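First residue of the sequence shown? That's -4 in the numbering used here, and the numbers climb one at a time after it. Built from N, CA and C at the ideal position, the CB exists for glycine as well. Values in this document were obtained by computation on a predicted structure and should not be read as measured data.
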Amino acid sequence: MTNKIRTRIAPSPTGFLHLGTARTALYSWAFARHFGGEFVLRIEDTDVARSTQDSVDQILASMKWLGLDYDEGPIYQMQRLDRYRAVVDQLIAEGKAYRCYTTPEELDAMREAQKARGEKTHYDGRWRPEPGKRLPEPPAGVQAVIRFANPKDGVVTWDDLCKGPISIANREIDDLIIMRADGVPTYNFAVVVDDWDMQISHVFRGDEHVNNTPWQINIFNALGAPLPLFGHVPVILGDDGQKLSKRRGAVSVTAYEENGFLPEAMLNYLARLGWSHGDEELFSREQLVAWFDGSHLSKSPAQWDPAKLAWVNAHYLKALPDDRLAELVAAQLQRRGIAAADVARVVGLFKDRCSTTVELADWVAMYYAEVQPTADDLAAHVTELVKPALPTLCDKLAAAEWNKAAIAAAIKETLGAHGLKMPQLAHAIRVLVCGRPQTPSIDAVLELFSKETVLTRLQRA
Ligand code: GLU
-4 MTNKIRTRIA PSPTGFLHLG TARTALYSWA FARHFGGEFV LRIEDTDVAR STQDSVDQIL
56 ASMKWLGLDY DEGPIYQMQR LDRYRAVVDQ LIAEGKAYRC YTTPEELDAM REAQKARGEK
116 THYDGRWRPE PGKRLPEPPA GVQAVIRFAN PKDGVVTWDD LCKGPISIAN REIDDLIIMR
176 ADGVPTYNFA VVVDDWDMQI SHVFRGDEHV NNTPWQINIF NALGAPLPLF GHVPVILGDD
236 GQKLSKRRGA VSVTAYEENG FLPEAMLNYL ARLGWSHGDE ELFSREQLVA WFDGSHLSKS
296 PAQWDPAKLA WVNAHYLKAL PDDRLAELVA AQLQRRGIAA ADVARVVGLF KDRCSTTVEL
356 ADWVAMYYAE VQPTADDLAA HVTELVKPAL PTLCDKLAAA EWNKAAIAAA IKETLGAHGL
416 KMPQLAHAIR VLVCGRPQTP SIDAVLELFS KETVLTRLQR A
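Encoded structure:
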C-alpha cells in the first residue's frame, strides 16, 4: 500500500447525487483531509445508456455546494477505455481472464437447468480455459465478452473499516464479466483498475457493494496491485424503515438546497448519520476534519430524521450573519418571481422562528410582494367591531414618525379611542398588512414596511 492517504468518491452519473453517496463522499473527504491526504472525484460513466451530462452537472454542483473540494478529477472512466483494454489484454495473456462466447439464450438455458436441479444460478465456466480442457470453436458472428477467471478455491477475507472482518468463499463467486462485447468494462473491473492507477489507499462506499468486494480483491491480486482498505458504510433508512430511495421523498442533495437547507447543516447532519464523536451533535467542518479518523463509524443502518435535520438547520440559520442569510432568502424569493433588495434589514426579526430559508422567505415575502389575506381570516379578524377603528389608526399612523415607538403609540391611542383590546386590533392589522393573523410584535413588523404600504393595505378593509 502507498503511504499517502488517498480516497475517492466514484458516483455513477445515472441520477442526482443522492444522500447516501453524499455521506460517503463526505467521509472520504474528511478522512483525506484529516490525514493530510488527497481526495479524488471519479465519474463512473460506463453505463452509457443511463449516464447523462445533466447528472454529471448535478453531481459537480452538489459537491461544490457541500464544499467537498477534490484534489484530482473529475476523472471520467469513458476517457480511460484504452487503459482498461490494455489491462484486459494483459490478463488474457496471463491466463487470468478469457473470452466467453456464450449467447444470452445459452445463458438463459444454463440458468433454467441449474434452477431445475435446485442449484444456485451461476456461470458454468464453459469457456474457461483449463489444463487439458478442449474449448469449443468460437462461433461465427458472436462477439466475445471477457470473463475474469476467479480463483476456484480459498476464501477472500478483509477487515472492513466499518463492519469488521468479512469472509466470502470463492466457490460462492462465479467468473465475472469484466468487459462487455463492445469493449466497455464493467463496474467491478474498471473500479479496480482505477483504484490501482489512482493509488487509492482507502475505499469508503455504501454497503450494497460488500458483495462486489471479493471479486475486486481477486482482481487486485491477479494484477499484483496493492489492496486498499475497504469501509462499507451502512445504508440510510427513511422514517418508514425502508432504504431511502428516489421514490421515498427528496433524496438529492440539490433538493435540500432548493428546500432551504444550509450546506453547513447538511454536512453536520450527514456526518453524524452513521458516525459519532462522543455526544457531539453540532460541529463545524473544521471539527469534523479534526475528529474524523475512520473510527466510530456505525455498523448499523442510520435512520433519516427530518425533524433532527430541521433542528440542525435552524441552529446554523440563526448563527448566519444577516447579510449572508439575506442573500439566500433573496434567492428563494427570486425563485418565486419576487425581486427583493435590502433583505438583510428584515430577516433578523423572523429568523428565530424558522428552520429553513424557505420558511424565512415565506415570512419576508410580505415586504416585497402583495399579500392576499384569506376570506376566512378577514371574516374572523377584520370584524365590524374593529373596522371603525381602522380610519383612526390610519390617521394616527399617517401623522406619526415612522419608528417602532411611534407606531406602538398610534396603536395604543386607537385602542383607547375605540374601547378595543390589543389582540382585536393587532390581529386585524396583521391580516390586512401581513396576510396572516400571527406575527412577531406588530410594531416591530410594521416598522419594516414603508408607511405608504401599511396605509394602503389598511385602507382596503
Ligand atoms: N459507481 C459506484 C456507485 O456509485 C461506485 C462504488 C464504489 O465506490 O466503488 O455505487
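Start-to-end residues for the alpha helix (DSSP H) that takes in residue i
i      : result
Gly15  : 14 to 29
Thr152 : Note, Thr152: premise wrong, no alpha helix (DSSP H); beta strand (DSSP E) at 150 to 155.
Pro316 : No alpha helix (DSSP H) contains Pro316, which DSSP labels as neither H nor E.
Pro34  : Sequence inspection shows Phe at residue 34; the Pro mentioned does not correspond to that position. Segment 33 to 38 is the beta strand (DSSP E) holding Phe34; no alpha helix (DSSP H) there.
Thr451 : 446 to 453
Ser271 : Run containing Ser271: none; DSSP gives neither H nor E here.
Tyr93  : Careful: Tyr93 lies outside any alpha helix (DSSP H), inside the beta strand (DSSP E) at 92 to 95.
Thr387 : 384 to 394
Thr208 : 208 to 218
Met417 : 417 to 424
Arg340 : 339 to 342
Val507 : No answer is possible for residue 507: it lies beyond the span of the chain, which begins at -4 and ends at 456.
Check whether residue i and residue j have beta carbons under 9 Å apart
i      : j      : result
Tyr118 : Asp84  : no
Phe11  : Val248 : yes
Leu450 : Cys389 : yes
Leu14  : Ile70  : no
Pro460 : His376 : Because residue 460 is not part of the residues shown, which for the chain are -4 to 456, the question remains open.
Pro301 : Ile231 : no
Pro229 : Ser162 : no
Ile141 : Ala92  : yes
Arg80  : Gly269 : no
Thr116 : Gln109 : yes
Thr434 : Leu420 : no
Gln211 : Ala176 : no
Any non-hydrogen atom of the ligand COA closer than 8 Å to residue i Cβ
i      : result
Tyr182 : No copy of the ligand COA appears in this structure; the ligands present are the ligand GLU.
Residue i: CB within 8 Å of a non-hydrogen atom of the ligand GLU
i      : result
Glu203 : yes
Glu39  : yes
Arg200 : yes
Ala44  : no
Ala5   : yes
Val186 : yes
Thr16  : yes
Thr47  : no
Thr19  : yes
Where residue i falls: helix, strand or coil (DSSP)
i       : result
Met(-4) : Residue placement at Met(-4) is poorly supported in this model, since its pLDDT is 45, which falls under 50; the coordinates still yield a value, given next. If DSSP states are grouped into helix, strand and coil, Met(-4) belongs with coil.
Cys349  : coil
Lys407  : helix
Ile230  : Rather than Ile, the amino acid found at residue 230 in this sequence is Val. Val230: coil per DSSP, three-state reduction.
Phe256  : coil
Ala266  : helix
Pro160  : strand
Leu320  : helix
Lys128  : coil
Leu304  : helix
Ile437  : helix
Arg3    : strand
Val43   : coil
Ala297  : strand
Val137  : coil
Glu442  : helix
Val366  : coil
Val179  : coil
Ile402  : helix
Val428  : helix
Val246  : coil
Val381  : coil
Inter-residue CB distance, residue i and residue j (contact presumed, cutoff 8 Å)
i      : j      : result
Val151 : Asn213 : 6 Å
Trp122 : Cys95  : 4 Å
Phe199 : Thr2   : 7 Å
Ala461 : Ile333 : With the chain covering -4 to 456 only, the question about residue 461 has no answer from this structure.
Ala339 : Lys399 : Not quite, the Cβ-Cβ distance comes to about 18 Å (not below 8 Å), so this is no contact.
First and last residue of the uninterrupted beta strand (DSSP E) at residue i
i      : result
Ala67  : Residue identity check: residue 67 is Glu in the sequence provided, not Ala. Note, Glu67: beta strand (DSSP E), 67 to 71.
Phe143 : 140 to 143
Met174 : 172 to 174
Proximity test, Cβ basis, 9 Å: residue i and chain D
i      : result
Val228 : Considering every chain present, this structure includes no chain D. It has just one protein chain.
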